[in-house]
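Going by the numbering used here, 161 is the number at position 88 of the sequence shown; the sequence numbering is gapless.
C-beta atoms are modelled at their ideal positions from N, C-alpha and C, and glycine is treated no differently.
Remember, it's a predicted structure, so these values are computed and weren't measured experimentally.
In what follows, a single structure is set out as structure tokens and then discussed.
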Amino acid sequence: IIIPTWTGHFPDVTRFMQSVMVHADPADNFGIRLVVGDNKEKAELEKRLAKLKTCGVNWEIDALEAILKAFKISKSATNLFKARGRYHYQSLKKMYAARYYDYRLSMWFDSEGELLKPTSFKKVFEDYMEAPYFWRAELVKGKQRERWANVKRSNYGKSKWRVYEDVVDEEG
């Protein structure tokens, strides 16, 4: 599980990690990688999470700057954020983290999430791989919205979110 986050969401990611410690099935033996911008943010989040027990969950915090250095990119997180804005910056965290870790399977989770009941992440992965889906905001406009035009979709409640199913086939 890869969770990109930032200082404004540190209280949220702390709640998420606490909920994982309580509700995740420790027999799953899974890992969580939290991705922050730089070493200052990493130290701050490590301090926040230091008192949490692992309960069979392997978790680590990595800085985007260190990940980028592995790809011979020497941009600072601050400069990337200023140049690209927050949404592109978060996307860079997601994409470069996925390349860096090079897992066979991974999922991105939002740092604002929280487990509310006993959860097997092994089952979450199995269910997802059996019938893939992903979320997107209904508020997307323009060319980006056009790309979604031919995707099979179903409404999810009355919210501004939709769940997209069956968009990943065996051919990619």
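For G81, does the count of other Cβ atoms within 10 angstroms reach 16, so buried, or fall short, so exposed? In the sequence shown, counting from the first residue as 1, residue 81 sits at position 8. Under the 10 Å beta carbon count, G81 is surrounded by fewer than 16 other beta carbons and is classified as exposed.
Within 10 angstroms of the Cβ of K166, are there 16 or more other Cβ atoms? Answer buried if so, exposed if not. The residue labelled residue 166 in the question sits at position 93 within the sequence shown. K166 comes out buried.
How would you call F144, buried or exposed, if buried means at least 16 neighbouring beta carbons within 10 angstroms? Position 71 of the sequence shown, counted from the start, is the residue given in the question as residue 144. So F144 ends up on the exposed side.
Cβ distance (whole Å) where L178 is taken to contact F154 below 8 Å: One-based indexing of the sequence shown puts residue 178 at position 105. One-based indexing of the sequence shown puts residue 154 at position 81. Approximately 29 Å separates the beta-carbon atoms of L178 and F154; this is outside 8 Å, ruling out the contact.
Quick one: measure Cβ to Cβ for F194 and A97, integer angstroms, because I've assumed they're closer than 8 Å. As a position in the sequence shown, residue 194 is number 121, starting the count at 1. As a position in the sequence shown, residue 97 is number 24, starting the count at 1. About 6 Å; that satisfies the 8 Å criterion.
Locate the alpha helix (DSSP H) running through L153, then write down its first and last residues. Here residue 153 refers to the residue found at position 80 of the sequence shown. Secondary structure note for L153: its alpha helix (DSSP H) is the uninterrupted segment A150 to Y174.
According to DSSP, is E138 part of a helix, a strand, or is it coil? Locating residue 138 in the sequence shown gives position 65, counting from the first residue. If DSSP states are grouped into helix, strand and coil, E138 belongs with the helices.
Note the first and the last residue of the continuous beta strand (DSSP E) segment covering P84. Start at 1 with the first residue of the sequence shown, and residue 84 comes out as number 11. Note, P84: premise wrong, no beta strand (DSSP E); alpha helix (DSSP H) at F83 to H96.
Where N131 falls: helix, strand or coil (DSSP): For this step, residue 131 is matched to residue 58 along the sequence shown. Three-state result, N131: strand.
In chain order, what residues of the same chain have a beta carbon less than 7 Å from the beta carbon of E185, not counting five sequence neighbours either side? Taking the sequence shown and counting its residues from 1, one reaches residue 185 at position 112. Excluding residues within five positions, the ones whose Cβ falls inside 7 Å are H82 and D85.
Cβ-Cβ distance between P77 and A171 below 8 Å: Residue 77 sits at position 4 when you count from the first residue of the sequence shown. Residue 171 sits at position 98 when you count from the first residue of the sequence shown. No, the Cβ-Cβ distance between P77 and A171 is not below 8 Å.
Are there 16 or more other CB atoms within 10 angstroms of the CB of L118, so buried, or fewer, so exposed? Sequence index remark: in the sequence shown, residue 118 carries index 45 (1-based). By the 16-neighbour rule on beta-carbons within 10 angstroms, L118 is buried.
Exposed or buried, K190, counting other C-beta atoms within 10 Å across all chains shown (16 or more means buried)? Counted from its first residue, the sequence shown places residue 190 at position 117. Looking at its Cβ environment, which holds fewer than 16 other Cβ atoms inside 10 Å, K190 is exposed.
Those residues which DSSP pairs with V108 across a bridge: One-based indexing of the sequence shown puts residue 108 at position 35. In the DSSP secondary-structure assignment, V108 is bridged to P77 and D135.
Tell me which same chain residues have a C-beta within less than 8 Å of the C-beta of A116, skipping the five on either side of it? Looking up residue 116 in the sequence shown gives position 43. Annotation for A116: no residue places its beta carbon closer than 8 Å to its own, counting only its chain and skipping 5 residues before and after.
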